[in-house]
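Chemist: Have a look at this one before I ask anything.
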Amino acid sequence: MKWENALKDYQLYLKIERGLSKNSIDNYSLDVKKLIGYLEEHAINKSPISIKTDTIQQFIYETAKIVNTRSQSRLISGLRSFFSYLVFEDYITTNPLDLIESPKIGRKLPDTLSINEIDDLINAIDLSQQYNNINIGQRNKAILETLYGCGLRVSELTNLKISDLFFEEGFIKVTGKGDKQRFVPIVSDTQKYINIYRNEVRTHINIKPEFKDTLFLNHRGKQLTRAMIFTIIKQLAEKIGLKKNISPHTFRHSFATHLLENNADLRSIQLMLGHESITTTEIYVHLDKSHLAKIVEKYHPRK
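For the sequence shown, the tail end lands on 303 under full-length UniProt numbering, and the numbers increase by one without skipping.
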C-alpha cells in the first residue's frame with residue numbers, strides 16, 4: 001500500500017464516516033504528510049503497513065527538537081488516528097502508536113474579556129466609518145454583537161445566512177463543525193444591530209449572485225474572510241489599548257464564561273456552543289471556580 005493511496009482513503013473516511021470539516025481533515029492530513037516527508041528525507045522505504053514503532057518514535061523525537069510540547073502532542077494524536085483507521089480497515093493488526101505516550105501538557109485555559117472590556121471594544125467602533133461608500137462601522141458593530149451575543153465560532157459567523165435568521169422565534173440556525181446544525185438563541189439587542197446593518201448598509205452593497213443569502217459581506221459584495229474578522233478585532237484592541245492577546249474566539253469564550261457566572265447550567269452552554277462532549281464545555285468551570293463555591297453555598301444541605 002502506498003502512502004498516497006492510504007492518505008486519500010483516510011481523508012474520505014474522515015469526511016464520510018466521521019463528518020469532519022475541511023479544516024479538520026486538512027489538519028489530520030498534515031500530521032501524516034509530515035511523517036511522509038520525514039521518511040522521504042531520510043530515504044526510509046517503509047509503507048504505511050510496514051512501518052514500525054521505532055521509526056515513528058525517531059520521527060517524533062526529531063520533530064520534538066523544533067516544536068513545542070503541545071504541537072508534539074497534537075502530532076502524536078493525529079498519527080494515532082491515522083493508524084487506528086488502518087487497523088479498523090484490517091490493513092494492519094496493531095497501531096504502532098500504541099506504545100508511544102503523548103507528552104503531558106497543562107490544560108490551556110482560554111483568554112476571556114470582562115463585560116466592560118466587551119463594551120469598550122464595541123463602543124470603540126466608529127459607526128460613521130465608510131469604505132467605498134459602504135458603512136462598515138455599522139457592519140462591524142453587528143459582527144461583534146453577533147459573535148458575543150451568540151457565542152459563535154468565526155467560521156460560523158462568516159457562513160451565517162439570512163435564511164438562518166429566525167428572529168420571530170428568537171433563534172438563529174448555526175452550521176458548526178462537521179456541518180452539524182444547531183439553533184442558538186439571539187437576544188433582541190443583537191437582532192436590532194443585525195437589522196440596522198441589513199436595512200441601512202447591506203442594501204447599498206453590490207452583492208455577487210453567489211452571496212445573495214450570505215449575511216455579512218465585504219464592500220465588494222463577497223463573504224467576509226476569517227482573516228478580516230481577526231483584523232477588525234485586533235485594530236479595535238489596539239485602539240482602546242487592550243493588552244490581552246484576543247481573537248474572534250475570545251468573544252465565544254467570554255460568552256460562555258459570562259453565562260456560567262450568571263448561573264447558566266453547563267448542559268445549556270454545551271448546546272449553545274455546539275460542543276459534542278460536555279468535557280469540552282467543562283473548561284469554563286476551571287475559569288470561574290467561584291461559580292462552584294456559589295453552587296455549594298446555595299444548594300448543599302450543610303451550608
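A virtual CB, placed ideally from N, CA and C, is assigned to each residue, including glycine.
Is L165 helix, strand or coil when you go by DSSP?
Modeler: The residue labelled residue 165 in the question sits at position 165 within the sequence shown. L165 falls in the strand class under three-state DSSP.
Chemist: Kindly identify the DSSP beta-bridge partner or partners of residue 387.
Modeler: What the structure shows of the chain is the stretch from 1 to 303, and residue 387 is not part of that stretch, so it cannot be assessed.
Chemist: Comparing C-alpha positions only, which one of H204, Q270, T231 and L236 sits nearest to N133?
Modeler: Along the sequence shown, read from residue 1 onward, the residue named residue 133 stands at position 133. N133 has its Cα closest to that of H204, out of H204, Q270, T231 and L236.
Chemist: Comparing alpha-carbon positions, which option in K244, S163, P103 and E210 lies nearest V67?
Modeler: Within the sequence shown, the letter at position 67 stands for residue 67. The candidate whose alpha carbon is nearest that of V67 is P103.
Chemist: Between V184 and I194, which are expected to be in contact by the criterion C-beta below 8 Å, what is the C-beta distance as a whole number of angstroms?
Modeler: Indexing the sequence shown from 1 puts residue 184 at position 184. Indexing the sequence shown from 1 puts residue 194 at position 194. About 13 Å; that fails the 8 Å criterion.
Chemist: According to the Cβ coordinates, are I143 and L224 closer than 9 Å?
Modeler: Start at 1 with the first residue of the sequence shown, and residue 143 comes out as number 143. Start at 1 with the first residue of the sequence shown, and residue 224 comes out as number 224. The answer is yes: Cβ separation under 9 Å.
Chemist: Quick one: what's got a C-beta closer than 7 Å to I118's C-beta in the same chain, skipping five residues either side?
Modeler: As a position in the sequence shown, residue 118 is number 118, starting the count at 1. Excluding positions up to five away in sequence, the list reads Y148 and S254.
Chemist: Look at the Cβ atom of I51, then the Cβ atom of P96, and state whether they are nearer than 9 Å.
Modeler: Along the sequence shown, read from residue 1 onward, the residue named residue 51 stands at position 51. Along the sequence shown, read from residue 1 onward, the residue named residue 96 stands at position 96. The answer is yes: Cβ separation under 9 Å.
Chemist: Below 8 Å, how does it come out for the region 196-213 and the region 36-53: are there three or more Cβ pairs, yes or no?
Modeler: The answer is no - the region 36-53 does not touch the region 196-213, with fewer than three Cβ pairs under 8 Å.
Chemist: Report the residue from M272, L7 and S128 whose alpha carbon sits nearest the alpha carbon of F82.
Modeler: Against the sequence shown, residue 82 aligns to sequence position 82. The option with the nearest alpha carbon to F82 is L7.
Chemist: Leaving out the 5 sequence neighbours to the left and right, which residues in its chain are closer than 7 Å to L152 when beta-carbon positions are compared?
Modeler: Along the sequence shown, one-based indexing puts residue 152 at 152. Within the same chain, L152 has close Cβ partners T146, V174 and R252.
Chemist: What first and last residue would you give for the alpha helix (DSSP H) that runs through M272?
Modeler: The sequence position of residue 272 within the sequence shown is 272, counting from 1. Element bounds for M272: L266 to L273.
Chemist: Go ahead and pull the three-state DSSP assignment for T214.
Modeler: Translated into positions along the sequence shown, residue 214 becomes position 214. Strand, per DSSP.
Chemist: Taking the alpha carbon of I122 as the point to measure from, which residue in R267, Q138 and G178 has its own alpha carbon closest?
Modeler: Stepping through the sequence shown from its first residue, residue 122 is reached at position 122. Answer by Cα proximity: Q138.
Chemist: What does the Cβ neighbour count give for L12, buried or exposed, with the cut at 16 atoms within 10 Å?
Modeler: Stepping through the sequence shown from its first residue, residue 12 is reached at position 12. Burial call: exposed.
Chemist: Considering only residues of the same chain and omitting the five flanking positions on each side of I100, which have a CB-CB separation below 7 Å?
Modeler: Here residue 100 is taken as the residue at index 100 of the sequence shown, counted from 1. Contacts found: T53, I56, Q57, I60 and I76.
Chemist: Suppose you measure from the CA of L273 to the CA of A256; what does that come to, to the nearest Å?
Modeler: Working through the sequence shown from its first residue, we reach residue 273 at position 273. Working through the sequence shown from its first residue, we reach residue 256 at position 256. Cα to Cα, the separation comes out at about 8 Å.
Chemist: For the candidate residues D31, L160, E89 and L30, whose alpha-carbon lies nearest to that of M1?
Modeler: Along the sequence shown, read from residue 1 onward, the residue named residue 1 stands at position 1. Ranking D31, L160, E89 and L30 by Cα distance to M1 puts E89 first.
Chemist: Give the C-beta separation of F230 and Q191 to the nearest angstrom, bearing in mind that I take them to be a contact with Cβ-Cβ under 8 Å.
Modeler: Here residue 230 corresponds to residue number 230 of the sequence shown, with the count starting at 1. Here residue 191 corresponds to residue number 191 of the sequence shown, with the count starting at 1. Incorrect: roughly 25 Å between the Cβ atoms, too far for contact.
Chemist: Quick one: grab the DSSP three-state call for I49.
Modeler: Position 49 of the sequence shown, counted from the first residue, corresponds to residue 49. I49: coil per DSSP, three-state reduction.
Chemist: Any idea what DSSP makes of residue 315, helix, strand or coil?
Modeler: In the structure displayed, the chain extends from 1 to 303; residue 315 sits before or after that span and is not available.
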